[in-house]
Amino acid sequence: MTALFVAWIAQAAASTLALGQVDRVQLVEDYQVLQRDRNDRASCVMSLPEDAQGISTFVIMVKDEAGNSLWRRETGSIELGDKGRGVPIDDLGVGGPYIISIASKDDPATAPWQFRRVLVGDIWILGGQSNMFGIDRIKQELPAVPYLNILDIKHIERDSHWCAGVPPIHRIPESLAPFIVKAQHPEYSEERIRTIIASKVPVGGIDCSYFFARALYAESGVPIGLIPCATGGALAIWNPQDRATNRYGFLLHHIMRAGGRVKGMLFFQGEQDAIFGDKDSIATKPSLIGPVSTYSQQFKSFVESLRGDVHDPDMPVIFAQICRHHNGPTGRDWAWEAVREAQRRLPETLAHSYCVPSIDLNLMDGLHLDDDSLQRMGQRMARLALPYTKKGVANRTEIRLKSVTRVAMPKPRIVLQFSGVNGRLQAPGRPTGFVFKMPNDELVDWVFKAELDPDRPDSVILWTTTMPDRDVALFYGAGSAPYVNIVDDEDMPLPALGPIVFE
């Protein structure tokens, strides 16, 4: 991390603490997204240019993209802020894109000052590491849509601006772009790569957020803004106590840039902790990594601090349970299991949090989800976000383990019941993924059949050769690269789980 980057993070953190709760967002550019309040309204202050100094009465006009007038008001109110003089605008309804303009009442011939394609809706943070910002290249036509704008951050840059939400959502700065283009297209010549960079076409991979926004808007009709801040690194780089020098401070800077309020966060992280972390001590390579045994507490501290900084103790956090890792370092199965189990159980103690499994999805290499899987991941996350977005939708959860029951007679079996199942559990072919482990981590093949209970659509029956006791532990999705295949009718999968120890 460069000294300049550290310096501006410190400055941003200091200004964040001084800002506190912001009453009105400063409207400063086209494509800006204003976070709605609990009454589905938004307020802002539209910055005035210097040549508006002598005007005493303004006409505020809100139009749709076709130029049709939605409302018109007169005001003499002026507010002073960091951006200079501005006209307060209240009572903007959810929707858009809007053209918002102000003009002098005293001089109607004067051209109005205006911002275009403004949205009023919900802003979602995107955090985590590479599976959140996306490694696979974009393989399909994903056009700009009128209900989605993004804060274009360029990965590590302080400056950002609102723009249309066209993938890549996480965009790479020009200094790193040649490396990314070459990795995605090894067949490209150096000359072709230089031409692409010179054309200023955004460079980056595909992530799940475009599909999340598309699915969520289709169900809710609420426009969406995205703040993409994911970057490679362990959970420790999101530590709120080190905000002056780490990614947490970077995230807060851009949240404040967007007005200080958000709806929620999508988060996909944990791979680096599983690959390189130590169980009970801090690791420093390839980055700072907290003990794997403290992953749950690290995550809770991160979320609770973030909720405090955005003044929303109930902010929903929808996070991924990490996927598979093939051909990784040997002897790391315990860490993948530990991180996944910590993630699975976080919603038990962290309200308004949801763990979305990814272990059943396809990869484009040994670690990163492919574009089809990211589309499914976005849709899974959108399903959990909908109750926070659309009034009248009942609360939902991911699939959660409800109970584990041993039945000895007439044949040994274990019945696992789950909550949050949509319709019934299903699997293509033979349901699989359950194993037992001995205390020394040795696998034992006691499960000879996993059966989806025809009478209870939320349950799985494990038929076993031996009734397990406290000397063995049950897992679903054990190890770093297991094969699992059970989902419900809405494509929500069973979570990786274990160890489940029998008393």
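Each residue of the sequence shown is one higher than the one before, counting from 1 in our numbering.
The beta-carbon is built from N, C-alpha and C at its ideal position, and this holds for glycine as well.
Check, Outcome
"Simplified DSSP assignment, three categories, for N422", "coil"
"Validate contact between the stretch 329 to 349 and the stretch 406 to 416 using beta carbons, cut 8 Å, 3 pairs", "no"
"Straight-line gap, R116 to G93 (C-alpha atoms, nearest Å)", "16 Å"
"Through-space distance from G121 to E79, alpha-carbon basis", "24 Å"
"Backbone CA spacing between S442 and I275 [nearest angstrom]", "Strictly speaking, residue 442 in this sequence is Glu, with Ser absent from that position. Cα-Cα distance, rounded: 20 Å."
"C-beta atoms of E157 and P173 nearer than 8 Å", "yes"
"Simplified DSSP assignment, three categories, for Q35", "strand"
"Simplified DSSP assignment, three categories, for T464", "strand"
"Local Cβ density within 10 Å of A568, reported as buried at 16 or more and exposed below that", "Examination of residue 568 is not possible in this model, given that the chain is present from 1 through 503 alone."
"Chain-order list of residues whose beta-carbon lies under 8 Å from that of N395 (same chain, five-residue window excluded)", "P387"
"Between the CA atoms of D455 and P167 - distance to the nearest angstrom", "44 Å"
"Endpoints, beta strand (DSSP E) assigned at V118", "W113 to G128"
"The stretch 262 to 270 in contact with the stretch 307 to 322 per 3-pair CB rule at 8 Å", "yes"
"I55 versus G165: straight-line alpha-carbon distance, rounded", "36 Å"
"Residue range of the beta strand (DSSP E) that includes I322", "No beta strand (DSSP E) holds I322; DSSP gives it neither H nor E."
"Boundaries (first-last residue) of the alpha helix (DSSP H) holding S220", "S209 to S220"
"Straight-line gap, D489 to Q426 (C-alpha atoms, nearest Å)", "7 Å"
"Option nearest T397 by Cα separation, candidates P493, L363 and D371", "P493"
"S305 versus S43 - alpha carbon distance", "25 Å"
"Close Cβ partners of D491 (< 8 Å) along its chain, the five nearest in sequence each way excluded", "R376, Q379 and R380"
"Presumed contact (8 Å Cβ cut-off) between T405 and I399, rounded CB distance", "Incorrect: roughly 17 Å between the Cβ atoms, too far for contact."
"I102 to V33 span [Cα, whole Å]", "18 Å"
"Endpoints, alpha helix (DSSP H) assigned at I500", "Element bounds for I500: not the alpha helix (DSSP H) but the beta strand (DSSP E), L497 to V501."
"Whether L462 touches E341 by CB criterion (8 Å)", "no"
"Residues near D458 by beta carbon distance below 8 Å, same chain, minus five either side", "K402, Q417, F418, S419, V421, R424 and L425"
"Length of the line joining the Cα atoms of M46 and N239", "35 Å"
"Among R85, R38, A198 and R137, the one whose alpha carbon lies nearest that of G76", "R85"
"Run of the alpha helix (DSSP H) containing I197, from where it starts to where it stops", "E190 to A198"
"For V201, the three-state DSSP class (helix, strand or coil)", "coil"
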